[in-house]
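A short worksheet on the structure shown next.
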Amino acid sequence: MKTAKGIFVLILSLVALGINAQNDNRKGNISGILYQLTFNIPEKQSEKVTGNATITFDIKTKQNVVLDFQGTPGDVLVYKANKGKGKKAKVKIENDQIIIPGKMFKLGTNRISVNFTSQDKALTHSGDVVFTQVQADEGRALFPCFDDNEMRGQYQTTINTPAGWKSVTVDMAEKLAPIDYCFVTGKLFEKTSNTDGRNLRVLYSETDPNKVAQIDEVFTEVAKAMKWMEGYTGIGNPYEKECVIFILPSLDLGGVERRGTIAFSDKTIFLGKKPLKEELLKRTEVISHETSHIWFGNITAIDEPWAKEVLANFMASKITRSQYKKEEVEVSFMNSYMQNAIALDRTEGTHPIAWEVDNPRDPILWYDNINYCKGPVMMRMMEDEMGAEAMQKGLQQCLRDHYMGNISWNQIVDILDKQAPAAGIRQFSDVWVKQKGMPVITCTYKDGQVIVSQSDPYGRGLCWRQKFELKVINNMGIAQIMKVDMQQPTMTFKYKGGVPDFIIPNQDGRGYGRFTLADSYVKNLPTKLITTRNDINRYTLLNLIHDNYLQGKLAPSHFGELFRFLGREKNPLIMETAINQMHKIASDLTLQQRYTLELVIMDLLGENRTKECRQFVLRKLGTSAISPEVLDKLQTILDRHNEEVLDEHDYMAIAYRLAVTRPERRDQILEKERNRLITSGNDELRQEFDFVSKATHPNANAREEVFRSLLKAENRVNESWALNALRLLNSDVFEPQSNVYIVEGLKALPEIQKTNSLAFPQRWTHTLITPHRSEEAKIEVKKFLNESADYPASLKNFVYESAWVLMNQIPYVDNTPKPATTATKKKTTTRRRR
Numbered sequence: 154m155k156t157a158k159g160i161f162v163l164i165l166s167l168v169a170l171g172i173n174a175q176n177d178n179r180k181g182n183i184s185g186i187l188y189q190l191t192f193n194i195p196e197k198q199s200e201k202v203t204g205n206a207t208i209t210f211d212i213k214t215k216q217n218v219v220l221d222f223q224g225t226p227g228d229v230l231v232y233k234a235n236k237g238k239g240k241k242a243k244v245k246i247e248n249d250q251i252i253i254p255g256k257m258f259k260l261g262t263n264r265i266s267v268n269f270t271s272q273d274k275a276l277t278h279s280g281d282v283v284f285t286q287v288q289a290d291e292g293r294a295l296f297p298c299f300d301d302n303e304m305r306g307q308y309q310t311t312i313n314t315p316a317g318w319k320s321v322t323v324d325m326a327e328k329l330a331p332i333d334y335c336f337v338t339g340k341l342f343e344k345t346s347n348t349d350g351r352n353l354r355v356l357y358s359e360t361d362p363n364k365v366a367q368i369d370e371v372f373t374e375v376a377k378a379m380k381w382m383e384g385y386t387g388i389g390n391p392y393e394k395e396c397v398i399f400i401l402p403s404l405d406l407g408g409v410e411r412r413g414t415i416a417f418s419d420k421t422i423f424l425g426k427k428p429l430k431e432e433l434l435k436r437t438e439v440i441s442h443e444t445s446h447i448w449f450g451n452i453t454a455i456d457e458p459w460a461k462e463v464l465a466n467f468m469a470s471k472i473t474r475s476q477y478k479k480e481e482v483e484v485s486f487m488n489s490y491m492q493n494a495i496a497l498d499r500t501e502g503t504h505p506i507a508w509e510v511d512n513p514r515d516p517i518l519w520y521d522n523i524n525y526c527k528g529p530v531m532m533r534m535m536e537d538e539m540g541a542e543a544m545q546k547g548l549q550q551c552l553r554d555h556y557m558g559n560i561s562w563n564q565i566v567d568i569l570d571k572q573a574p575a576a577g578i579r580q581f582s583d584v585w586v587k588q589k590g591m592p593v594i595t596c597t598y599k600d601g602q603v604i605v606s607q608s609d610p611y612g613r614g615l616c617w618r619q620k621f622e623l624k625v626i627n628n629m630g631i632a633q634i635m636k637v638d639m640q641q642p643t644m645t646f647k648y649k650g651g652v653p654d655f656i657i658p659n660q661d662g663r664g665y666g667r668f669t670l671a672d673s674y675v676k677n678l679p680t681k682l683i684t685t686r687n688d689i690n691r692y693t694l695l696n697l698i699h700d701n702y703l704q705g706k707l708a709p710s711h712f713g714e715l716f717r718f719l720g721r722e723k724n725p726l727i728m729e730t731a732i733n734q735m736h737k738i739a740s741d742l743t744l745q746q747r748y749t750l751e752l753v754i755m756d757l758l759g760e761n762r763t764k765e766c767r768q769f770v771l772r773k774l775g776t777s778a779i780s781p782e783v784l785d786k787l788q789t790i791l792d793r794h795n796e797e798v799l800d801e802h803d804y805m806a807i808a809y810r811l812a813v814t815r816p817e818r819r820d821q822i823l824e825k826e827r828n829r830l831i832t833s834g835n836d837e838l839r840q841e842f843d844f845v846s847k848a849t850h851p852n853a854n855a856r857e858e859v860f861r862s863l864l865k866a867e868n869r870v871n872e873s874w875a876l877n878a879l880r881l882l883n884s885d886v887f888e889p890q891s892n893v894y895i896v897e898g899l900k901a902l903p904e905i906q907k908t909n910s911l912a913f914p915q916r917w918t919h920t921l922i923t924p925h926r927s928e929e930a931k932i933e934v935k936k937f938l939n940e941s942a943d944y945p946a947s948l949k950n951f952v953y954e955s956a957w958v959l960m961n962q963i964p965y966v967d968n969t970p971k972p973a974t975t976a977t978k979k980k981t982t983t984r985r986r987r
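Take the working numbering: the final residue in the sequence shown is number 987, and no numbers are missing along the way.
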């Protein structure tokens, strides 16, 4: 079996080498590329997009001309002159390529014409809007092309659409690689603005006036991000006159840029009437990320897709810091990047940021939590090593030296290394970027010294250079901050305060790894939450406590300390994190204990009267409560329907939870909520409710039927509906019956990846696995992993990440020595003799 697999991998490698050789040959042979494209957009979403690509180019030598295309090609005509009739070519089609014999061409200018049908995945249809949605190396899914970042061409586009539609393309004098080509067409509205001296234009399909009013905020944020990037890089935006901003429904990601355009998801941009600070901050990050791609991606293309995202996320975090308070941005950075990176880096699915993948055309490989989240953490560490000014100068040189060209990560590292030769940036990159995993960092006290040491869990002897703060507090309450600069695996610090009561590693949140302490220090940590005033220190401490709880080092009784500090908490992100941790503890206990602790969580509404705390508590319990008393309170909230902090989706979620926990009243609960949706006139929400609520059925066979329907692509078109239904099917109320979905749901992932959005496979896996807590569920996951040797590594990593807590949490065992009990001796009396 191993031999057969090895031969298969060898064949794939040889094929890949052959394709790369062809690509290298055509780069040097073909130039002067002009794409004249026609797209025919059907009125019915079920029909395919067809078109024609007429490609003009110059060749230096007669050799096969290779076009990349994943769709369905028609006849290929070759023209040797500007005029005249084309000659039909006998082409060879293999490995997503159309190979045209070299004998059909002449030296100099040639022209090819190909009718084609685009692949569905290259386009998104959402109501009366159609737009391109091309990811890494997938320009070939849209039209026949030279799909290579270094083979740029000019474009002339004709789009035939239904009457009344408006179309925008990126046709411009600037040469673009196929991945940068895009168009949007549909029933679109337009809004323009002159903001900070910049003429900006937004196209959108939204009709809600409250949402449309937020477009002015988009103008402001885009203008701020452009101004910041121009200041940081010293290079103006060459696309400003042609820049178009789209706000689109059903966009897979939060945003995406193409040369001269920026597209955002309407869900990212249009917030509720009273958005939380975290929602506003996230919107700023997305806008800043996509705007920064004008420089790192458009002005200078980055060879490696992961490196492009690393730089954009790093820039976005800097732009966001310039607009919000430091503590708000730092806590958000740790939550969005550090915690998500660690969630995958601690598993068997860890891999280098610079991941050498089997299929570089698979875009999902470039956007997991190592590439996307560990990358900006690494960049911040690198900036700490070389200094902010040196890094800025280095990145400016990267853009100047490769203006309107390409640059690789190794070239970026060479330039940064020369800017700060003493920092050893090449060696830094070799560990942080090119090696997998993260360090285990141990902090101990011995004989008047605090010792900080890191170890490589894979035994390679690596040292992850980084800087962070360590806080030591003695029994008098006197604190000392130690600045740790780990240039070597072990660091020692003199400490004259006696044996510490507390050692708090990485209190500033700048370090990265798994921080460990002796059990005697771990047990004291929760008591410091309520006295830790700084948001960054408190958030870091909160996650350190929870990690030790998952390792079985902390008793569930620290729930009480979480409740105490939450009564005073003001930071929404810290609130949300702590409430999630409290419910995790509650769900680990017996049923009666969980009932009690869920009531305690509900009691937070009286202790912390902020709207954020109220929203987080009601949303958490509204989707996961099991306590009869809490469910009664939720029923009252649903009936009254007047909570300021809840929207209609929240009420729908409460109705679903009540339906699964109270099956005898299910029909009544659902009917009442459905009638309310009908009365409100929101037919889209009513359709969603009808789709999702089927998953609440008390009959296992009926739920099995719903699950099987989700395995069909047509029932996953609306991805949020599908995920909500899957979440309900895997509800804790239905375990262990729901364990039967695990293996089959994971086996379906490769097909799901082909038919759904880039982010969907990860969300599907997370939704499928994380609700489970039983030993039977562990067995199902192990069974799948043992039987999936040939399963795609990228998809298996989602399994490792989602199942980590299920598979690795260690239950707490109280090993505290009990005081010895002394048996009471029976008194004996002696009779005195008379």
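Glycine is no exception: its CB is placed at the ideal position from the N, C-alpha and C atoms.
Quantities reported herein were computed from a predicted structural model and do not represent experimental measurements.
Under the three-state reduction of DSSP, which class applies to residue i: helix, strand or coil?
i, result
"Glu443", "helix"
"Leu424", "coil"
"Gly317", "coil"
"Val952", "helix"
"Ser184", "strand"
"Tyr232", "strand"
"Tyr392", "coil"
"Cys335", "coil"
"Glu247", "strand"
"Leu623", "strand"
"Ser873", "helix"
"Glu374", "helix"
"Pro505", "coil"
"Met644", "strand"
"Pro674", "The sequence given here has Tyr at residue 674, not Pro. Three-state DSSP puts Tyr674 in a helix."
"Asp211", "strand"
"Ile452", "coil"
"Met325", "coil"
"Met635", "strand"
Spatial neighbours of residue i within its chain, please: C-beta separation below 6 angstroms, excluding the five flanking residues on both sides.
i, result
"Ala853", "Gln890"
"Asn892", "Glu929, Ala930, Glu933"
"Ile963", "Gln704, Gly705"
"Gly171", "Confidence in Gly171 is poor, its pLDDT being 46 and thus under 50, which makes the residue's placement unreliable; the coordinate value appears in the next sentence. There are no such residues."
"Asn628", "Asp654"
"Lys245", "Ile252"
"Ile368", "Lys344, Val355"
"Thr311", "Thr191"
"Ala415", "Just to set this straight, residue 415 is Ile in the shown sequence, not Ala. For Ile415, where only same-chain residues beyond five positions count, the Cβ hits under 6 angstroms are Ile398, Glu443."
Between residue i and residue j, how many whole angstroms is the CB-CB distance? I'm expecting something under 8 angstroms.
i, j, result
"Ile988", "Arg667", "Summary: the structure shown does not reach residue 988, with the chain confined to residues 154 through 987, and so no result is reported for it."
"Thr386", "Ile194", "Actually they are not in contact, since the Cβ atoms of Thr386 and Ile194 sit about 37 angstroms apart, beyond 8 angstroms."
"Tyr692", "Gly720", "Tyr692 to Gly720, Cβ: 17 angstroms. No contact."
"Glu872", "Asn909", "6 angstroms"
"Met805", "Glu826", "7 angstroms"
"Ile807", "Ile790", "7 angstroms"
Give every residue of the same chain whose Cβ lies closer than 7 angstroms to the Cβ of residue i, excluding the five residues on either side of it in the sequence, and list them in chain order.
i, result
"Ala494", "Asn522, Ile523, Cys526, Lys527, Val530"
"Gly185", "Phe210, Asp211"
"Leu863", "Arg869, Ala875, Ala878, Leu879"
"Thr373", "Thr348"
Kindly list the residues whose CB is nearer than 8 angstroms to the CB of residue i, restricted to its own chain and excluding five residues on each side of it in sequence; keep chain order.
i, result
"Asp967", "Ala708"
"Phe769", "Pro725, Met728, Glu729, Ile732"
Quiz item: How about the region 818-827 and the region 853-865: do they share at least three Cβ pairs that are nearer than 8 angstroms?
Solution: no
Quiz item: Counting pairs of beta carbons, one from the region 946-957 and one from the region 902-922, are three or more of them closer than 8 angstroms?
Solution: yes
Quiz item: Of all the alpha helix (DSSP H) runs that stay within the bounds of the region 545-633, which reach a length of 4 or more residues?
Solution: 562-572, 578-585
Quiz item: Taking one C-beta from the region 402-417 and one from the region 269-281 each time, how about it: are there three or more such pairs within less than 8 angstroms?
Solution: yes
Quiz item: At a cut of 8 angstroms, does the region 213-224 reach the region 247-261 through at least three beta carbon pairs?
Solution: yes
Practice problem: Please go through the region 834-909 and give each complete alpha helix (DSSP H) segment of 4 or more residues, from N-terminal end onward. | Solution: 836-846, 853-863, 872-882, 893-900, 902-908
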